[in-house]
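Taken in sequence, the protein lines are chains A and B.
Heads up, the first sequence stops at 95 in our numbering, and the numbers go up one at a time, no gaps.
Heads up, the second sequence stops at 95 in our numbering, and the numbers go up one at a time, no gaps.
Cβ atoms here follow ideal geometry from the backbone N, Cα and C, with glycine treated the same way.
Bear in mind the structure is a predicted one, so any value in this text is a computation, not a measurement.
Step one of this worksheet: look at the structure below.
There are 2 protein chains.
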Amino acid sequence: MAEDKNKNRTTVEIYGQRYVIAGTEPSSHIHLVADKVDLKMREIQSHNRFLDSKQLAVLTAVNTMSEYIKIKEELKKLQQRIGKEES
Amino acid sequence: MAEDKNKNRTTVEIYGQRYVIAGTEPSSHIHLVADKVDLKMREIQSHNRFLDSKQLAVLTAVNTMSEYIKIKEELKKLQQRIGKEES
């Protein structure tokens with residue numbers, strides 16, 4: 009973890025609640041991320057109106073993690089392909 | 009969205025609550041995803057013991073979305089590099 013003195017603190021609003029996000033990324037990145045999480049929670053809610061906000065947040069995390077794992081695998085394969093071509 | 013009849017339904021447990029995840033991915037992928045979300049929620053909780061489970065889930069989604077956006081950008085740059093080399 010980075011030292012606290014090197015961290016930015018960015019306040020965002022997600023699904024009606026404010027969060028202070030500490031990190032080394034620029035505020036513009038944190039705002040982009042927060043907007044996408046908020047949008048995805050609202051998208052999942054529109055298809056599942058009976059879910060509470062905790063369930064929506066968990067399903068948003070699940071959805072995003074699934075995409076992350078798939079794209080990470082895609083990147084790994086591409087890096088391996090380039091490695092083979094360059095060796 | 010895929011038709012419901014083509015979807016798998018996988019039951020997972022995340023942070024002590026059960027979720028039924030519908031999707032076209034294999035159950036093994038959904039279990040891997042759920043385990044990673046559960047682990048990340050517990051990791052964030054260990055550093056922020058005052059957060060409730062909804063806040064933990066939102067911050068897990070934020071954390072994962074941030075990594076997703078960064079890796080997607082990395083993949084895009086690599087694809088552009090390959091495109092230039094091959095053209």
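According to the neighbour-count rule (16 or more other Cβ atoms, all chains shown, within 10 Å of its Cβ), is residue i buried or exposed?
i	result
A69 (chain B)	buried
R57 (chain B)	exposed
T32 (chain A)	exposed
N14 (chain A)	exposed
E11 (chain A)	The predicted model places E11 (chain A) with a pLDDT of 49, which falls under 50 and marks its position as unreliable, so this point remains unresolved.
L47 (chain B)	exposed
A30 (chain B)	exposed
K92 (chain B)	exposed
V20 (chain A)	buried
Q88 (chain A)	exposed
Based on DSSP bridge pairs, tell me the residues matched to residue i.
i	result
I22 (chain B)	B:Q25
R17 (chain B)	B:A30
Between the options, which lies nearest to residue i when the distance is taken from Cα to Cα?
i	options	result
E3 (chain B)	A:Q87, A:L40, A:D60	Given a span of 9 to 95 for chain B in the structure shown, any question on residue 3 (chain B) remains unanswerable.
G24 (chain B)	B:R50, B:I90, B:Q88, B:R89	B:R50
A42 (chain A)	B:S95, B:M73, B:Q53, B:E94	B:M73
K44 (chain B)	B:I77, B:K80, B:L59, B:A65	B:A65
Give me, in chain order, the residues of the same chain whose beta-carbon lies closer than 8 angstroms to that of residue i; leave out the 5 immediate sequence neighbours on both sides.
i	result
S35 (chain A)	N16, T18
K84 (chain B)	none
M9 (chain B)	Legend: pLDDT at M9 (chain B) = 42, less than 50; position of this residue unreliable, value from coordinates given subsequently. Closer than 8 angstroms at the Cβ level, and outside the excluded window around M9 (chain B), lies no residue.
R26 (chain A)	T19, V20
L59 (chain A)	I52, Q53, L67
By Cβ distance, which residues of its chain are closer than 7 angstroms to residue i, with the 5 residues on each side in sequence left out?
i	result
S61 (chain A)	Y23
Less than 7 angstroms between the CB of residue i and some heavy atom of the ligand ATP, yes or no?
i	result
K84 (chain A)	Looking at this structure, you won't find the ligand ATP or any other ligand, since it has none at all.
Which same chain residues, not among the five before or five after residue i, have their C-beta less than 6 angstroms away from its C-beta?
i	result
I79 (chain B)	none
Exercise. Just list the alpha helix (DSSP H) runs in the region 29-58 of chain A, keeping only unbroken ones of 4 residues or longer that don't cross its boundaries, in chain order.
Key: 35-55
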